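Worksheet: the structure to be examined is printed underneath.
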Amino acid sequence: MERIPAGFLKYAKEKGVKLAICPDAHRVEGLQDVKYGVGIARKGWLEATDVINTFDVDQVYEIFKQK
């Protein structure tokens, strides 16, 4: 599994990019791997407002409506 460097996440945050944490799970047990993505997000100083996994349906809809 390839991970995104924390420096890139900081840059993306500065530019207003919204990111998703995806464990690339192929089985239910693999969903637990999301903790590794959260760890990398924290190293990149991401907050809940930067990660679309934390958004409700209306917030996600607004993001896609803007594009």
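So for the sequence shown, our numbering puts the first residue at 514; every next one is plus one.
Glycine included, every Cβ here is placed at the ideal spot set by N, Cα and C.
Keep in mind that this is a model prediction, so the values were computed, not measured.
Could you spell out the range, first to last residue, of the alpha helix (DSSP H) harbouring residue i?
{"i": "D571", "result": "570–579"}
{"i": "I553", "result": "547–556"}
{"i": "A525", "result": "519–527"}
Using alpha carbons as the reference points, say which of the options lies closest to residue i.
{"i": "E527", "options": "D537, E542, D563", "result": "D563"}
{"i": "Y524", "options": "I534, W558, I565", "result": "W558"}
{"i": "A554", "options": "T567, G543, E542", "result": "T567"}
{"i": "I534", "options": "R516, V541, E542", "result": "R516"}
Going by beta-carbon coordinates alone, are residue i and residue j separated by less than 8 Å?
{"i": "P536", "j": "G552", "result": "no"}
{"i": "R544", "j": "A538", "result": "The residue asked about is misnamed: residue 544 is Leu in this sequence, not Arg. Yes, they are a contact pair."}
For residue i, I'd like the list of residues in its chain whose CB is within less than 7 Å of its CB, leaving aside the five on either flank, ordered along the chain.
{"i": "K548", "result": "none"}
Do you know how far the Cα of residue j is from the Cα of residue i?
{"i": "G529", "j": "L522", "result": "10 Å"}
{"i": "A519", "j": "V570", "result": "27 Å"}
{"i": "I464", "j": "V573", "result": "Given a span of 514 to 580 for the chain in the structure shown, any question on residue 464 remains unanswerable."}
{"i": "D546", "j": "E560", "result": "19 Å"}
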